[in-house]
Amino acid sequence: MASRSRARPPRSAPASRWSATACASACAPPPAVETVSTGPDPALLDRQLRNYLGAYPERVQAQVRGLLLEDRLAEHLARKYPGKHAIQGDAALYDYVQGIKQAQLHSTPPVHKVLWQNKMDVIQNVLGLHTSISRVQGGRLKAKAEIRIASLFKTLAPEFLEMVVVHELAHLREREHNKAFYQLCEHLLPDYHQIEFDLRLLLLQRAVAGA
Numbered sequence: 001m002a003s004r005s006r007a008r009p010p011r012s013a014p015a016s017r018w019s020a021t022a023c024a025s026a027c028a029p030p031p032a033v034e035t036v037s038t039g040p041d042p043a044l045l046d047r048q049l050r051n052y053l054g055a056y057p058e059r060v061q062a063q064v065r066g067l068l069l070e071d072r073l074a075e076h077l078a079r080k081y082p083g084k085h086a087i088q089g090d091a092a093l094y095d096y097v098q099g100i101k102q103a104q105l106h107s108t109p110p111v112h113k114v115l116w117q118n119k120m121d122v123i124q125n126v127l128g129l130h131t132s133i134s135r136v137q138g139g140r141l142k143a144k145a146e147i148r149i150a151s152l153f154k155t156l157a158p159e160f161l162e163m164v165v166v167h168e169l170a171h172l173r174e175r176e177h178n179k180a181f182y183q184l185c186e187h188l189l190p191d192y193h194q195i196e197f198d199l200r201l202l203l204l205q206r207a208v209a210g211a
């Protein structure tokens with residue numbers, strides 16, 4: 001029997017188009033070239049805003065919308081999170097997760113396996129997965145916990161990796177995404193809510209830019 005919990009927090013905008021008016025006659029003076037920059041499609045942008053920031057106030061969504069329309073969100077996030085990390089393999093990720101667990105959640109059940117997940121459905125905003133598998137051993141029911149992290153985080157700033165790992169480790173104590181769960185996340189990582197919000201901004205920006 002497997003029990004799964006998903007970190008959902010994490011989609012796309014058309015590239016700029018341009019059109020030019022050709023010279024109608026060799027004798028006529030060349031017309032001015034008209035460049036049309038449409039930016040993100042408004043309907044698509046609003047849909048993505050609802051998808052990633054639907055739970056946030058309208059004023060927050062309006063501010064983010066302005067940054068996207070002005071093409072300033074990516075630059076803002078790059079300045080705020082310039083760091084990189086070297087955790088690329090499963091063994092390094094396992095050691096990283098165990099280090100956080102031993103420091104802050106040592107009394108929780110052990111984590112038996114930690115993996116990068118290459119095929120995690122990021123489109124559905126599944127960024128981390130905590131699985132508890134129960135098996136009968138020696139007449140007793142024993143549960144083994146596994147944590148899988150989307151490979152997307154290999155290339156993101158270390159703050160985002162720490163946030164999603166804390167999220168999955170918190171499920172060792174609190175199964176549901178309730179008030180106690182998020183209070184625990186904030187206890188483990190005081191900036192948890194801000195980093196989670198910024199991750200939503202990053203995924204939103206990539207979704208809009210990639211459409």
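In UniProt numbering, the protein residues as written are 1 to 211. Backbone N, C-alpha and C define an ideal beta-carbon position, used for all residues, glycine too. Keep in mind that this is a model prediction, so the values were computed, not measured.
For residue i, count neighbouring C-beta atoms within 10 Å of its own C-beta (all shown protein chains included) and say buried if the count is 16 or more, exposed if not.
{"i": "PRO40", "result": "buried"}
{"i": "ARG200", "result": "buried"}
{"i": "ALA170", "result": "buried"}
{"i": "VAL60", "result": "exposed"}
{"i": "HIS167", "result": "buried"}
{"i": "GLN88", "result": "exposed"}
{"i": "GLN48", "result": "buried"}
According to DSSP, what are the bridge partners of residue i?
{"i": "LEU115", "result": "ARG148"}
Note the first and the last residue of the continuous alpha helix (DSSP H) segment covering residue i.
{"i": "ASN51", "result": "42-53"}
{"i": "TYR94", "result": "90-104"}
{"i": "ILE87", "result": "Here ILE87 belongs to no alpha helix (DSSP H), and DSSP marks it neither H nor E."}
{"i": "ASP198", "result": "192-209"}
{"i": "TYR182", "result": "179-188"}
{"i": "LYS80", "result": "73-80"}
{"i": "HIS167", "result": "158-170"}
{"i": "GLU58", "result": "58-69"}
Nearest-angstrom Cα distance between residue i and residue j?
{"i": "GLN102", "j": "ALA157", "result": "23 Å"}
{"i": "ALA150", "j": "PHE197", "result": "18 Å"}
{"i": "SER107", "j": "GLU162", "result": "20 Å"}
{"i": "GLN205", "j": "VAL165", "result": "22 Å"}
{"i": "ALA91", "j": "ALA62", "result": "42 Å"}
{"i": "GLY54", "j": "LEU202", "result": "15 Å"}
{"i": "GLY83", "j": "ILE195", "result": "14 Å"}
{"i": "VAL111", "j": "ASN178", "result": "22 Å"}
{"i": "LEU188", "j": "ASP46", "result": "33 Å"}
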